[in-house]
Structure formats: structure tokens, C-alpha cells
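Peer 1: Here the sequence shown stands for residues 21 to 457, where the numbers follow the working numbering. For glycine and all other residues, C-beta sits at the position ideal for the given N, C-alpha and C.
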Amino acid sequence: MNRSLDAIFRPRSIAVIGASRRPGSIGSEILAKILEAGFEGAVYPVNPHAPYLHSMKCYPSVRTIPDPVDLAMIVVPRDHVMEVVEECRRKKVRGLVVITAGFREVGEEGARLEAALRKKVRGAGMRMIGPNCMGVINTDPNVRLNATFAATAPTRGRAGFMSQSGALGEIILANARHISLGISMFASVGNKADISGNDLIEYWENDSSIGVILMYLESFGNPRKFTTIAQRVTRKKPIIAVKSGRTEAGARAAFSHTGSLAGGDVATSTLFEQCGVLRVNTIEEMFTLATAFTSQPLPRGNRVAILTNAGGPAIMATDAAVNLGLTLAPLEERTRRGLKQHLPPECSLGNPVDLIASADATRYAVGLRALLADATVDGLMVLFVTPTMINSLEVAKTIVRLSRRSKKPLMTCFMGKDRGAEGVQTLRHHSIPVYSF
Numbered sequence: 021m022n023r024s025l026d027a028i029f030r031p032r033s034i035a036v037i038g039a040s041r042r043p044g045s046i047g048s049e050i051l052a053k054i055l056e057a058g059f060e061g062a063v064y065p066v067n068p069h070a071p072y073l074h075s076m077k078c079y080p081s082v083r084t085i086p087d088p089v090d091l092a093m094i095v096v097p098r099d100h101v102m103e104v105v106e107e108c109r110r111k112k113v114r115g116l117v118v119i120t121a122g123f124r125e126v127g128e129e130g131a132r133l134e135a136a137l138r139k140k141v142r143g144a145g146m147r148m149i150g151p152n153c154m155g156v157i158n159t160d161p162n163v164r165l166n167a168t169f170a171a172t173a174p175t176r177g178r179a180g181f182m183s184q185s186g187a188l189g190e191i192i193l194a195n196a197r198h199i200s201l202g203i204s205m206f207a208s209v210g211n212k213a214d215i216s217g218n219d220l221i222e223y224w225e226n227d228s229s230i231g232v233i234l235m236y237l238e239s240f241g242n243p244r245k246f247t248t249i250a251q252r253v254t255r256k257k258p259i260i261a262v263k264s265g266r267t268e269a270g271a272r273a274a275f276s277h278t279g280s281l282a283g284g285d286v287a288t289s290t291l292f293e294q295c296g297v298l299r300v301n302t303i304e305e306m307f308t309l310a311t312a313f314t315s316q317p318l319p320r321g322n323r324v325a326i327l328t329n330a331g332g333p334a335i336m337a338t339d340a341a342v343n344l345g346l347t348l349a350p351l352e353e354r355t356r357r358g359l360k361q362h363l364p365p366e367c368s369l370g371n372p373v374d375l376i377a378s379a380d381a382t383r384y385a386v387g388l389r390a391l392l393a394d395a396t397v398d399g400l401m402v403l404f405v406t407p408t409m410i411n412s413l414e415v416a417k418t419i420v421r422l423s424r425r426s427k428k429p430l431m432t433c434f435m436g437k438d439r440g441a442e443g444v445q446t447l448r449h450h451s452i453p454v455y456s457f
């Protein structure tokens with residue numbers, strides 16, 4: 021693992037330069053989030069105009085802090101950033117996160133300042149995220165780092181997430197928490213003046229706390245290097261990417277956002293395909309894949325069984341599975357005999373197995389036991405349309421209980437948002453992927 025990013029993701033001490041007592045300001049929010057997360061190291065507010073913040077001693081500059089500083093969070097006006105970085109260099113700070121905007125994304129003058137900033141940082145041997153970013157998170161209980169101004173803190177999990185957009189990153193963090201998708205590390209990289217997505221992929225490559233890498237990209241800094249790294253990393257863990265700027269207008273918007281060229285869409289798809297990156301079109305699709313990869317074992321093959329209580333959704337699921345290159349498991353004869361013995365005669369015993377609308381938790385248990393034990397089944401899709409007379413919570417509990425006894429991946433679809441809400445929450449709580457359609 022490249023340890024040069026440890027100062028940013030595993031710091032022993034943090035200076036918040038530009039910490040503020042003004043409620044609602046970014047400097048105030050970042051300091052508050054670091055403290056709320058219970059960061060395990062030392063925290064030093066830096067503000068020459070405030071003697072104390074949050075009952076903590078405040079320092080006039082990073083150089084007046086008596087102890088070593090690993091990470092500096094820089095939240096000062098753009099015209100003061102270079103001065104602060106120079107002070108960090110003299111203090112021998114190893115990691116920087118520059119929240120401040122107003123660099124390459126605003127035009128030529130900003131681009132010149134950013135180039136000078138990059139030169140100073142790299143010349144000093146420091147590493148930097150930003151500028152124009154939202155911050156970083158590491159949910160490791162030995163670190164407890166939330167150095168962002170995001171309103172919602174993520175739950176701990178196995179996803180490493182990189183976003184080139186701070187605002188979108190905040191929304192994704194909130195939605196990830198809502199669907200119980202846990203995050204291990206998060207980085208809002210902004211303009212990527214120093215640390216890029218390539219650096220993060222390499223850093224997360226051999227990190228056992230990260231099982232899947234998620235990326236929201238607006239541009240590539242070094243496509244050739246990305247290809248080399250991604251080809252290697254995707255053999256170990258999946259990389260799922262949303263790449264915006266697909267149209268000419270979108271590419272122009274990307275440039276005005278972070279000052280980066282988006283690149284051709286066809287070329288991007290080809291690049292992803294060559295290096296094994298899973299490209300999705302929406303954040304929802306990213307979550308769909310991420311919840312499965314982070315909570316379920318990999319299937320031994322491509323044969324799936326579908327268990328349902330409604331014919332229409334089962335047909336749609338069949339079409340979707342076949343279109344994705346999966347096949348319906350043929351089912352063993354003993355599986356069919358067992359189902360016939362324990363299910364009403366109205367049920368369909370092929371694949372999909374249709375338990376019909378009156379199916380309760382007991383009937384779902386019959387289907388689940390039989391299909392999970394079938395040697396021709398590599399994975400299982402469980403569909404449940406929530407009828408008024410059936411307790412969705414009990415069905416969900418049955419799925420959780422029986423899935424724990426199997427090493428096969430299982431995914432669920434609970435249709436009927438209001439009536440199935442308790443069941444959905446139970447499945448999410450126990451890390452069973454659950455989808456609406």
C-alpha cells in the first residue's frame with residue numbers, strides 16, 4: 021500500500037486552519053464534525069482572531085502549535101492559501117486538504133494559482149487533496165475521521181468512495197446511510213491538483229477494510245495510468261464508476277465545475293471496459309451494485325433461481341437476468357419434488373418458482389430452503405409484492421434467517437413501498453440487498 025496518503029486518511033493530529041466561531045461557516049462545520057466523530061488524535065484550531073473555539077485553545081498559526089501536525093485542513097480565503105501552505109511546509113505538515121475554491125475552475129488566473137500551489141506542495145514532499153473540495157472521511161474505529169462539512173455522517177462499511185463533486189458527494193453520503201450502505205473511506209477530490217482518483221485506487225487496492233471502490237468522475241487526469249492501475253485492482257475488488265460529462269454540453273459544465281476536460285464518452289466506455297471497471301449511468305445503479313458487492317458472496321456461476329409471489333415481476337426479473345448474461349437454473353428433480361410436497365397445487369414449480377399472492381413467511385421458507393440447497397442454483401432472487409393480508413416483516417425475517425445458513429448470494433425486491441417498509445428496513449439492517457423494482 022502507498023503509505024504517502026496516511027497523513028490524510030490516518031492522521032495522528034489535525035490542524036483546522038481557518039476554524040471559525042461563526043455558526044454555519046465551513047470552518048466552524050469542519051471543526052465541529054471532526055469533534056463529533058470522536059477523532060482519536062489531537063485537534064488544533066487555528067485562527068489568529070479567536071483565543072478559544074469549542075473550549076479548545078486556538079493558535080494564531082500552524083507554526084505556533086507546539087506538537088507535530090500530520091494533516092492541515094485549509095479553510096481560508098483563496099489569496100491566503102499559498103501563505104498558509106508555506107507555513108505548513110515550514111511546520112513539516114505531511115498532508116493537506118484544501119477546501120478553498122476559486123482556482124482552476126474560475127479561469128486563467130485561478131489556473132495559474134493552482135499550478136503554483138501544486139508546485140509548492142510537491143516540492144515540499146507534501147500530499148494534497150483539493151483545492152475546491154469537501155474533505156475526507158475514514159470510519160475506521162481506530163481513526164474516526166470526519167473532516168468534511170457534510171450534513172450526514174456515513175455508517176461504517178466496506179465501500180471506498182471518491183467524488184469529484186463535493187455537493188454530489190454529500191448527497192451520496194446521505195443516501196448511502198439511508199439504504200444502510202456503509203462507507204470505509206470517502207474523499208472529495210475537487211480539482212485534483214495533486215491527489216487524483218488514480219492515487220486513491222492504489223491506496224485502497226490492498227486495504228482489507230475496502231471491498232468495493234465507488235467513483236464519481238467528471239474527468240480523467242491520466243487515462244493511461246488509470247488503465248494500468250484499474251486493470252490490476254479490478255482483479256482484486258470491483259470498481260464501479262459514474263462518469264458524467266457524456267454530452268458536449270455536459271463536458272462544458274464539467275470544465276466550469278472543476279476546470280477539467282471530460283473526454284469523449286465512447287472512449288470512456290471503451291477504457292472502462294478494457295480495464296474491468298463497471299460503468300453505470302446513475303448513482304442509484306451504483307448503489308444497487310455496491311450493496312450487493314459489499315454484503316454478498318460472489319456466485320460460483322451464472323445460474324440463478326427466482327422466488328416470487330407474483331407472475332409479472334418474475335417475468336421482468338427473468339428478462340433482466342437473461343439480458344445480463346445470466347441463465348435460469350434448471351433445478352434438480354428432488355427440489356421440484358420437495359416443493360410439490362409442501363406447496364399448494366396452484367403454485368408454479370418451475371424457475372421462477374411462483375408461490376402465488378397468498379404466500380406468507382412459512383411458504384417463503386419452503387421455497388428458500390429448497391432453492392438454496394439446490395446444486396444447480398448459484399444465486400437467488402427473492403421477489404415479494406406486499407399484499408395487505410401478509411406480514412412483510414415476517415417474510416423479511418425469514419429471508420434473513422435462512423440466508424445466513426447459505427454461502428450463495430441472495431438479493432431481494434420488495435414492491436409496495438408503504439406496506440413493505442418494515443420488511444425493507446429489516447433486510448437493510450442485516451445487509452441483505454433490497455430493491456424497489
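From G443 to G331, what does the alpha carbon distance come to, in whole angstroms?
Peer 2: Going from the Cα of G443 to the Cα of G331 covers about 21 Å.
Peer 1: Grouping DSSP H, G and I as helix and E and B as strand, with all else coil, what is S264?
Peer 2: Of the three classes helix, strand and coil, the one that applies to S264 here is coil, per DSSP.
Peer 1: Compare the C-alpha of L318 against each of Y384, P364, G265 and D398 and name the closest.
Peer 2: The option with the nearest alpha carbon to L318 is D398.
Peer 1: Mind reading off the beta-carbon distance from S208 to G180? Whole number of angstroms is fine, and I expect it under 8 Å.
Peer 2: About 13 Å separates the two Cβ atoms, so there is no contact after all.
Peer 1: Do the segment 55-73 and the segment 132-140 meet, that is, are 3 or more Cβ pairs less than 8 Å apart?
Peer 2: Because the criterion of three Cβ pairs below 8 Å is not met, the segment 55-73 and the segment 132-140 do not touch.
Peer 1: Have a look at the DSSP bridge pairing and note the partners of L234.
Peer 2: According to DSSP, which records beta bridges pairwise, L234 is partnered with F181 and I260.
Peer 1: Report the residue from K256, K245 and A170 whose alpha carbon sits nearest the alpha carbon of E225.
Peer 2: For the residues K256, K245 and A170, the minimum Cα distance to E225 belongs to K256.
Peer 1: With a Cβ-Cβ cutoff of 8 Å, do I149 and I230 count as a contact?
Peer 2: For I149 and I230, no; Cβs fall outside 8 Å.
Peer 1: Entirely within the segment 382-437 and at least 4 residues each: give me those alpha helix (DSSP H) ranges in chain order.
Peer 2: Whole alpha helix (DSSP H) segments, 4+ residues: 412-423.
Peer 1: If I follow the unbroken beta strand (DSSP E) through Y64, where does it start and stop?
Peer 2: Segment A62 to V66, the beta strand (DSSP E) holding Y64.
Peer 1: Please state whether the Cβ-Cβ distance between E238 and S264 is less than 8 Å.
Peer 2: Yes, the pair counts as a contact, with Cβ atoms nearer than the cut-off.
Peer 1: Between G24 and the rest of its own chain, which residues show a CB-CB distance below 6 Å, the 5 nearest in sequence each way excluded?
Peer 2: Residue 24 is actually Ser in this sequence, not Gly. If we look at S24 and ignore the five residues flanking it on each side, its Cβ neighbours are R147.
Peer 1: Going by DSSP in three states, K212 sits in which element: helix, strand or coil?
Peer 2: K212 falls in the coil class under three-state DSSP.
Peer 1: Looking at the structure shown, is T311 part of a helix, part of a strand, or coil, going by DSSP?
Peer 2: If DSSP states are grouped into helix, strand and coil, T311 belongs with the helices.
Peer 1: Quick one: what does DSSP say L55 is sitting in, helix, strand or coil?
Peer 2: If DSSP states are grouped into helix, strand and coil, L55 belongs with the helices.
Peer 1: When you compare only the Cα positions, how much space is there between A395 and R357?
Peer 2: A395 and R357: Cα-Cα distance of roughly 15 Å.
Peer 1: If you measure between the beta carbons of V300 and L309, is that distance less than 8 Å?
Peer 2: Yes, the Cβ-Cβ distance between V300 and L309 is below 8 Å.
Peer 1: Can you grab the Cα-Cα spacing for the pair S412 / K111, in whole Å?
Peer 2: Those two C-alpha atoms are separated by around 59 Å.
Peer 1: For Q294, does the count of other Cβ atoms within 10 angstroms reach 16, so buried, or fall short, so exposed?
Peer 2: Classification of Q294: exposed, given that the 10 Å Cβ count is below 16.
Peer 1: Hey, how far is the Cα of G58 from the Cα of L165?
Peer 2: Straight-line Cα distance between these residues: approximately 8 Å.
Peer 1: Where does L400 land, buried or exposed, given buried means 16+ other C-beta within 10 angstroms?
Peer 2: Answer is buried; the Cβ neighbour count reaches 16.
Peer 1: Leaving aside the five residues before and after V373 along the sequence, list all residues of the same chain whose C-beta is less than 6 Å from its C-beta, in chain order.
Peer 2: Counting only Cβ-Cβ distances below 6 Å, and skipping sequence neighbours, we find L327 and G387.
Peer 1: Just the Cα atoms here: how many angstroms apart are R320 and V82?
Peer 2: Rounded to whole angstroms, R320 to V82 spans 54 Å at the Cα level.
Peer 1: Can the beta-carbon of G44 be found closer than 8 Å to that of V36?
Peer 2: Cβ distance not < 8 Å, so G44 and V36 don't count as in contact.
Peer 1: Using only the alpha-carbon positions, how far apart do A194 and V156 sit?
Peer 2: Cα-Cα distance, rounded: 15 Å.
Peer 1: Under 8 Å between the Cβ atoms of V405 and T432?
Peer 2: Contact: no.
Peer 1: Excluding the 5 residues preceding and the 5 following T288 in the sequence, name in chain order all residues of the same chain whose CB lies nearer than 6 Å to its CB.
Peer 2: Counting only Cβ-Cβ distances below 6 Å, and skipping sequence neighbours, we find K263.
Peer 1: Taking Cβ positions, are L55 and H74 nearer each other than 8 Å?
Peer 2: Going by C-beta atoms, L55 is nearer than 8 Å to H74.
Peer 1: Got a sec? Which residues, its chain only, sit under 6 Å from F457 by beta carbon, not counting five neighbours each side?
Peer 2: Once the five neighbours on either side are set aside, F457 has no close Cβ partner at all.
Peer 1: Return helix, strand or coil for V77, following the three-state DSSP convention.
Peer 2: Checking the sequence shown, residue 77 turns out to be Lys, not Val. K77 falls in the strand class under three-state DSSP.
Peer 1: Within 10 angstroms of its Cβ, does H449 collect 16 or more other Cβ (buried), or is it exposed?
Peer 2: Classification for H449: exposed.
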